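Residue numbers (my numbering): 1353 to 1557.
We treat Cβ as the ideally placed atom computed from N, Cα and C, and that holds for glycine.
This structure is a prediction, so every number in the text was calculated from the model and none was measured.
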């Protein structure tokens, strides 16, 4: 079944960031400029100031922890020149990773009938980002960060649960699509990783 990917879209946004970090094209200290479009973006935000330069590592945390739509747009424009161009890169990568039923139109997961995915594709993407970028996986597991004096908490409420060993990855919610989460967890004794995708639920609980 096709579903709206909501903020789980941001897993692909982070994949493209991590890929460029690994290639050395950008660094965690790279500075990205906040456009008016990014600053005006609604929904969940990390509250980047218009016209200012923001360090990429802060933007990564803003996306992974706070699910900042504004941070996604800053990065998309910085990497590709525009969010539309970045969405093309997202779709090229989706094809390369074998996401057969996924289409992206933006970097955030903002509601759009043309932005679709499936639980299977989200699970494939989750496995890929953990496999390909273990050195950056810790960002998914961070439970809070403070930016510009604003303390922000990860929306993945299962992080830190001692019995589940959850270490990522991303939640999402819109009125139309309901609540969703892509989870990853490692069994400490066997080091076996499990990925679970839930979407279209009625509540955060």
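_Quick check: the segment 1440 to 1457 against the segment 1377 to 1394, are at least 3 beta-carbon pairs closer than 8 Å?_
Segments in contact, no.
*Say whether the segment 1472 to 1481 touches the segment 1442 to 1461, bearing in mind that this needs 3 or more beta-carbon pairs closer than 8 Å, one atom from each stretch.*
Touching, yes, given that three or more Cβ pairs across the two stretches are closer than 8 Å.
_Assigned secondary structure, residue 1435 (DSSP; H/G/I helix, E/B strand, else coil)_ = In the structure shown, residue 1435 adopts helical secondary structure according to DSSP, grouped into three states.
*Counted within 10 angstroms of its Cβ, other Cβ atoms place residue 1387 as buried (16 or more) or exposed*: Buried.
_Per-residue DSSP class, three states only, for residue 1422_ = DSSP, reduced to helix, strand and coil, places residue 1422 within a helical segment of the structure shown.
*Inter-residue Cα distance where the pair is residue 1456 and residue 1425*: Approximately 14 Å, taken between the alpha carbons.
*Do the segment 1492 to 1505 and the segment 1416 to 1423 meet, that is, are 3 or more Cβ pairs less than 8 Å apart?*
The segment 1492 to 1505 vs the segment 1416 to 1423: in contact.
*What residue range is occupied by the uninterrupted alpha helix (DSSP H) comprising residue 1546?*
From DSSP, residue 1546 is part of no alpha helix (DSSP H) but of the beta strand (DSSP E) over 1544 to 1553.
*With distances taken from CA atoms, which of 1539, 1368, 1407 and 1555 is nearest residue 1444?*
The option with the nearest alpha carbon to residue 1444 is 1368.
*Alpha-carbon spacing of residue 1380 relative to residue 1430, whole angstroms*: C-alpha separation (whole angstroms): 13 Å.
*Among 1552, 1359, 1447 and 1518, which one has its Cα closest to the Cα of residue 1540?*
Looking at the Cα atoms, 1518 is the closest of the given residues.
*Counting only the same chain and skipping the five closest in sequence on each side, list residues whose C-beta sits under 6 Å from that of residue 1488.*
Cβ-Cβ distances below 6 Å link residue 1488 to 1370 in the same chain, with the five nearest sequence neighbours on each side left out; the list follows chain order.
*Residue environment, residue 1384, which counts as buried when at least 16 other CB atoms sit within 10 Å*: Flag for residue 1384 reads buried.
*What residue range is occupied by the uninterrupted beta strand (DSSP E) comprising residue 1502?*
First-last of the beta strand (DSSP E) with residue 1502: 1502 to 1505.
*In chain order, what residues of the same chain lie with their CB nearer than 7 Å to the CB of residue 1435, ignoring the 5 residues before and after it?*
Only 1425, 1428, 1429, 1458 and 1459 meet the Cβ criterion.
_Tell me which residues share the same chain as residue 1402 and place their Cβ nearer than 7 Å to its Cβ, disregarding the 5 neighbours each side in the sequence._
Take residue 1402, set aside five residues on each side of it, and the residues of its chain with a beta-carbon closer than 7 Å to its own are 1386, 1388 and 1391, in chain order.
*Once you ignore the five residues that flank residue 1411 on each side, which residues in its own chain have a CB closer than 7 Å to its CB?*
1384, 1423, 1426 and 1427, listed in sequence order.
*asked:* Please report the straight-line C-alpha distance between residue 1507 and residue 1525, rounded to a whole angstrom.
replied: Roughly 10 Å between the two C-alpha positions.
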